[in-house]
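*Asks:* Under UniProt numbering, think of the first position of the sequence shown as 1, with each following residue one higher. We treat Cβ as the ideally placed atom computed from N, Cα and C, and that holds for glycine. Okay, here's the structure, questions in a sec.
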Amino acid sequence: YSSSTGTSFIAMSDRSASDDGSDREPAKGGKGGLSCHELFLVIVGILLLAFGGVRLFFNFDYATVAHTVGLAILAFLLIFGVCTKSSMCMLIAMIFLIISLILQTVFLAYFAIEFIGLKKELTTRTIASLVFDIICYVFYILVCISTVVLRKQY
């Protein structure tokens, strides 16, 4: 028993040994598990499907159907790429994400120009839509970073 650290030798020896021979605990993802980036991408994929379904439910038109199909394809690419650990699938997802990010940047710039140029008044719906779009924009950037990191790992 070590009184200086407060841990016992028995507790240290009960840890499952990792493959490299060190006495560190294995990472929570481990073999067959998901790392933080992979778990984030799977959760984002599920959220993309949920948001697409909700948006389609409240606003059913051709543009929303096309947007929902795009979100479903992106979610499939992210989840399939994580499950198979395929670098090619992650590359396709990165290209798709970059195109989506460019389109969303153009949309936000158009929204800002239209709002400032036409001097529309602020409504609750406009503010909520803008906040939601900015949050989605930040998530797209984080997903791009995660796919780049995972592409390097695969």
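What are the start and end residues of the alpha helix (DSSP H) that includes TYR137?
*Replies:* Here the alpha helix (DSSP H) through TYR137 covers 124 to 153.
*Asks:* Which of the three DSSP states is assigned to SER100 in this structure?
*Replies:* Residue state, collapsed to three classes: helix.
*Asks:* Measure the C-alpha to C-alpha separation of LEU122 and PHE132 and round it to an integer number of angstroms.
*Replies:* Spanning the two alpha carbons is a distance of roughly 15 Å.
*Asks:* According to DSSP, simplified to helix, strand and coil, what is GLU121?
*Replies:* Coil, per DSSP.
*Asks:* Under 7 Å Cβ to Cβ from TYR140, same chain only, skipping five residues before and after it: list those, please.
*Replies:* Excluding sequence neighbours, TYR140 sits near LEU97, SER100, LEU101, GLN104.
*Asks:* Where does the unbroken alpha helix (DSSP H) through LEU48 begin, and where does it stop?
*Replies:* From DSSP, the alpha helix (DSSP H) with LEU48 extends over 36 to 58.
*Asks:* Just to confirm my understanding: we take VAL148, look at its own chain, exclude 5 residues before and 5 after, and list those with CB closer than 7 Å. What are they?
*Replies:* Only MET94 meet the Cβ criterion.
*Asks:* Of the choices LYS152, HIS67, ALA109, LEU108, whose alpha-carbon is the least far from that of LEU49?
*Replies:* LEU49 has its Cα closest to that of HIS67, out of LYS152, HIS67, ALA109, LEU108.
*Asks:* Determine the burial state of PHE57: buried for a count of at least 16 other Cβ atoms within 10 Å of its Cβ, exposed for fewer.
*Replies:* Exposed is the call here.
*Asks:* Report the three-state DSSP secondary structure of SER86 (helix, strand or coil).
*Replies:* Coil, per DSSP.
*Asks:* DSSP three-state label for GLY81, please.
*Replies:* GLY81 falls in the helix class under three-state DSSP.
*Asks:* State the Cα-Cα distance for the pair GLY53 and GLN153, rounded to the nearest angstrom.
*Replies:* Their Cα atoms are separated by approximately 32 Å.
*Asks:* In whole angstroms, what separates the C-alpha of GLU25 from that of HIS37?
*Replies:* At GLU25 the pLDDT is 39, less than 50, meaning the model places this residue with poor confidence and gives no usable figure here.
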